[in-house]
Structures are given as C-alpha cells and as structure tokens.
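Below is one structure; the comments refer to it alone.
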Amino acid sequence: QLQASGGGLVQAGGSLRLSCAASVTRFRIGFMGWYRQAPGKQRELVARVSTGGMTNYADDVKGRFTMSRDNTKNTADLQMNSLKPEDTAVYYCHLDGWAGGKFKNYWGQGTQVTVSS
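This is the structure in structure tokens:
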C-alpha cells in the first residue's frame, strides 16, 4: 500500500529526493513520513507531515531536509539537501491513520540512501 522511490548513492553535500505514494481505501490518513535505520541502530523518525501540514523533523536534519505532502494524491516527498555520510541508512516510508475506527500504521519497503565522503 506504500510505494517508495528515490534513494541511491550520492557524495557528501549532494541531494536526493525520496517519494512515497499511498494506495489506501476507506482510510483516513494522519501522518505521512520517513524513518531511517542505519546498520546496528534503531529505526528513527526523520520527518513527518500531518494532513494539515504540520511537520516534525529530527534535530540532525533540520534545515537540510524538507518534507512535503500532496493530500489529493496521497503522496509525501522528502527533499534531502546537504547530505552527510551519517545520513546513510535504509529509509522507510510510513503512514498512520484510521480505518473502521481503528488506528493503524503501515510501512513501505525500504530504500537505501548512501552518502559517500
């Protein structure tokens, strides 16, 4: 239900854009966002955006990454600028929301982001 695209290999200081498209029915989406997991580390929030446009960013990406969302298309993009080697991780699209009165969340397939020094 979540299709992620983007990612790849880039040099430090470069940019990448991740895109996530949600295919859901009878589902009221709350937040759409991106998480990442580096080797040996826990999965962590990178950025997310609510239906109303409220955004949350991890401290170490503020000012470098920008989250955007198109509610008409159920898509969410993450523009990543000034990438650093420590941004290297598998990035996962995520959404949460409500269906049938129940809160649910979904994960997309991971996409690798590698930043070389």
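So in this note's numbering, the last spot in the sequence shown is 1034, and the numbers never skip.
All C-beta atoms, glycine included, are put in the ideal place defined by N, C-alpha and C.
Here the structure is a predicted model, which is why all the values come from computation and not from measurement.
Sequence-distant residues of the same chain with beta carbon closer than 7 angstroms to residue i, five excluded per side
i	result
V941	Q918, N991
Rounded C-alpha distance that separates residue i from residue j
i	j	result
G930	V1030	13 angstroms
G969	M949	11 angstroms
S922	S985	15 angstroms
R945	A938	15 angstroms
V978	K1019	32 angstroms
L962	T972	12 angstroms
G947	N988	10 angstroms
K958	S936	23 angstroms
Contacts around residue i, its chain only, beta-carbon distance under 6 angstroms, and the 5 residues preceding and following it disregarded
i	result
Q954	R960, A1006, V1007
W1024	Y1009, H1011
N1022	D1013
D1004	V1032
Boundaries of the beta strand (DSSP E) in which residue i is found, first to last residue
i	result
G925	925-928
S978	Just to set this straight, residue 978 is Val in the shown sequence, not Ser. Looking at the DSSP string, V978 is not in any beta strand (DSSP E), and its letter there is neither H nor E.
G1014	1006-1016
F1020	1019-1024
T992	992-997
Residue closest to residue i, alpha-carbon to alpha-carbon, out of the options
i	options	result
S1033	G1027, S999, G1018, D1013	S999
G924	G1014, V966, Q996, R943	Q996
L933	A993, F982, A1016, W1015	F982
Proximal residues to residue i (C-beta, below 8 angstroms), its chain only, five neighbours per side dropped
i	result
G1027	A921, Q954, V1007, Y1008, Y1009
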